[in-house]
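Undergrad: Handing you a structure now.
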Amino acid sequence: MKKNNWILIFTSIFLFVILGLIYDSNMIRSLDNSAFKFFEFIRTDALDSFCYFLRDFGSSKMYLTFAVIVLVYSIIRKRIWTGLSLIITILTARVVVSFLKDLYERPRPSSMYYVESGFSFPSGHAVMATSFFLTFGFILIVIQPAMMKHKKMIQFIVLLMIFLISMSRIYLHVHHFSDIIAGWLVGYAWYSICKNVFINLHERKQL
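The following block contains the structure:
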């Protein structure tokens with residue numbers, strides 16, 4: 037693994053740990069409340085429907101469905117481990133999310149627009165969206181090298197999807213903004229770890 041990758045991974049983990057220690061501080065509470073106020077200001081019926089759609093689109097079941105489709109295609113392309121890497125990444129990310137939520141036990145916002153079970157920190161949707169779409173964007177180029185010429189467009193779409201799904205959680209009042217930031221940090225760190233593990237195994241001809 038390159039030195040820069042280690043630095044980014046440990047920086048993400050470090051920032052997450054710090055955020056986990058201060059999310060109850062006045063500064064973070066003020067940031068969270070400001071985010072809620074902003075989305076209340078722009079709230080419309082159309083945005084309500086769109087955010088509920090993003091809630092369902094960004095579910096673990098949807099990601100697993102997409103991952104299975106990618107796996108089938110990767111088998112056809114004789115890249116089975118490329119497809120398996122996506123499934124393994126999202127399944128293990130789900131385990132990481134559950135562990136961290138139970139560890140921090142942060143209650144969800146009291147003003148939720150629908151009943152969402154479980155704890156709030158970090159945002160599971162943010163973690164899963166980040167780890168899934170970053171991994172998907174990466175393996176898309178691996179399976180289809182011709183897509184390299186569209187790399188910037190793929191990166192834009194990946195980041196846009198992560199952003200929209202994550203912001204919908206604040207809009208629906210099921211997560212604080214700080215939960216989302218934490219989710220991005222965890223999701224990026226986990227994506228980077230899994231990606232580099234699979235790359236290293238491939239280079240050693242163990243996959």
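Residues 37 to 243, numbered by this note's numbering, are exactly what the sequence shown covers, in order. Backbone N, C-alpha and C define an ideal beta-carbon position, used for all residues, glycine too.
(1) With DSSP as the reference, label Tyr207 as helix, strand or coil.
(2) Along the chain, where does the alpha helix (DSSP H) that runs through His161 open and close?
(3) Reducing DSSP to helix, strand and coil, say where Ile78 ends up.
(4) Can you grab the Cα-Cα spacing for the pair Ile54 / Ala218, in whole Å?
(5) One question on the structure: do Tyr224 and Thr166 come within less than 8 Å of each other, judged by their Cβ atoms?
(6) Are the CB atoms of Leu221 and Leu44 nearer to each other than 8 Å?
(7) Between Ile206 and Phe213, how many whole angstroms is the CB-CB distance? I'm expecting something under 8 Å.
(8) Taking buried to mean at least 16 other C-beta atoms within 10 Å of its own C-beta, is Ile216 buried or exposed?
(9) Looking only at its own chain, which residues have a Cβ that is under 7 Å from the Cβ of Gln242, when we skip the five neighbours before and after it?
(10) Kindly list the residues whose CB is nearer than 6 Å to the CB of Cys230, restricted to its own chain and excluding five residues on each side of it in sequence; keep chain order.
(11) What distance in whole Å lies between the Cβ atoms of Trp226 and Val132, which are believed to be in contact at a cut-off of 8 Å?
(12) Out of Phe74, Ile116, Met98 and Glu141, state which residue places its alpha-carbon closest to the alpha-carbon of Phe234.
(13) Is Phe52 helix, strand or coil by DSSP?
(14) Helix, strand or coil: how does DSSP classify Arg115 here?
(15) Taking Cβ positions, are Ile190 and Met197 nearer each other than 8 Å?
TA: Taking the definition as stated:
(1) It is helical.
(2) Counting along the chain, the alpha helix (DSSP H) containing His161 begins and ends at Gly160 to Ile179.
(3) When secondary structure is reduced to three states using DSSP, Ile78 falls in the coil class, being assigned neither helix nor strand.
(4) Computed Cα separation, rounded: 10 Å.
(5) One thing to note: Tyr224 has its Cβ within 8 Å of the Cβ of Thr166.
(6) It is not a contact, given that the beta carbons lie outside the stated cut-off.
(7) That belief holds up - the Cβ atoms of Ile206 and Phe213 are roughly 6 Å apart, short of 8 Å.
(8) Label assigned to Ile216: buried.
(9) Residue placement at Gln242 is flagged as unreliable, the pLDDT there being 46, under the threshold of 50; a coordinate-derived value is accordingly withheld.
(10) Cβ within range, chain order: Thr125.
(11) About 6 Å; that satisfies the 8 Å criterion.
(12) For the residues Phe74, Ile116, Met98 and Glu141, the minimum Cα distance to Phe234 belongs to Ile116.
(13) DSSP, reduced to helix, strand and coil, places Phe52 within a helical segment of the structure shown.
(14) Residue state, collapsed to three classes: coil.
(15) 8 Å or more divides the Cβ of Ile190 from the Cβ of Met197.
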